[in-house]
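Residues 1 to 187 in full-length UniProt numbering are what the sequence shown spells out, letter by letter.
Data first, discussion second: the structure below is written as structure tokens.
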Amino acid sequence: MITRVQILNKALRLVLLALLCNSCYSQKKQAHAIDVNWIVDHYISYYEAKNTKFNSEEKYLLLGLSNKDETLKSVDVLDNCYTCPGIIEPTDTVVLYKKYKIVIRTDTKENKELLLKNFKSASTSTKFPVQPYQENAMYHYSRHWSFEYNKDLKIVFFCNSILEELQETKSMLKLPSTIEDCNPIRK
Numbered sequence: 001m002i003t004r005v006q007i008l009n010k011a012l013r014l015v016l017l018a019l020l021c022n023s024c025y026s027q028k029k030q031a032h033a034i035d036v037n038w039i040v041d042h043y044i045s046y047y048e049a050k051n052t053k054f055n056s057e058e059k060y061l062l063l064g065l066s067n068k069d070e071t072l073k074s075v076d077v078l079d080n081c082y083t084c085p086g087i088i089e090p091t092d093t094v095v096l097y098k099k100y101k102i103v104i105r106t107d108t109k110e111n112k113e114l115l116l117k118n119f120k121s122a123s124t125s126t127k128f129p130v131q132p133y134q135e136n137a138m139y140h141y142s143r144h145w146s147f148e149y150n151k152d153l154k155i156v157f158f159c160n161s162i163l164e165e166l167q168e169t170k171s172m173l174k175l176p177s178t179i180e181d182c183n184p185i186r187k
């Protein structure tokens, strides 16, 4: 005959097993999401530490998500100054995050929903005017980070358009050496 202590012991083991499985499932589920905050936080902290003119009063960020093909998604982040030429489309969304206005642009409605769903602690903000581009003028585009994610939403490629900073940023982001990058010398 089974005693009450044995029944209680078995019930407690089942509860612990259920909690453990739920915890593992939650961690696995979170591992398959694009961590937008991680990208934006590192971009902001990296350039704020490097340049005193990189601040929320002078700069806004542009954040995009697009499908490269059926299996790859690309997340891009760059910055622009408020007095510099730029374009804000009617379909763009502007959010406020850590005092920075961030213009969100995607290629599909689904990607916009995915980006906004995975961007924690960002609040909706108002659009702002930007200077128009002038015809026949050449512009130097600012720094730009690009992350490519596979169908399992794992990073498979990283690029910093400022190649002199590529290895430093890759190291700061703690990206494994197996992740491809845009260094033309190593190809």
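Glycine residues also receive a C-beta, built at the ideal position from the N, C-alpha and C atoms.
Secondary structure at Pro-184: helix, using DSSP grouped into helix, strand and coil. In this structure, the straight-line span from the alpha carbon of Gly-64 to that of Ile-162 is close to 18 angstroms.
Here Gln-167 carries a helix assignment [DSSP, helix/strand/coil]. The closest CA to that of Glu-110, considering only Ala-137, Asn-80, Lys-73, is found on Lys-73. Taken through DSSP and simplified to helix, strand or coil, Asp-41 comes out as helix. Non-local beta-carbon contacts of Lys-151 in its own chain, meaning distances under 7 angstroms to residues more than five positions away in sequence, involve Thr-71 in chain order. CA-to-CA, the gap between Thr-178 and Thr-3 works out to about 56 angstroms. Ranked by Cα distance from Ile-104, the first of Ser-56, Pro-132, Asn-160, Val-40 is Val-40. Approximately 13 angstroms separates the beta-carbon atoms of Thr-124 and Lys-112; this is outside 8 angstroms, ruling out the contact. Residue pairing by DSSP puts Arg-105 in a beta bridge opposite Gly-64.
Rounded to whole angstroms, Lys-99 and Tyr-60 show a C-alpha spacing of 9 angstroms. Contact annotation, Val-36 with Phe-119: C-beta distance approximately 4 angstroms; criterion of less than 8 angstroms satisfied.
Listed in chain order, the alpha helix (DSSP H) elements of length 4 or more contained wholly in the stretch 109–138 are 109–117. Thr-126 counts as exposed, since fewer than 16 other beta carbons sit within 10 angstroms of its beta carbon.
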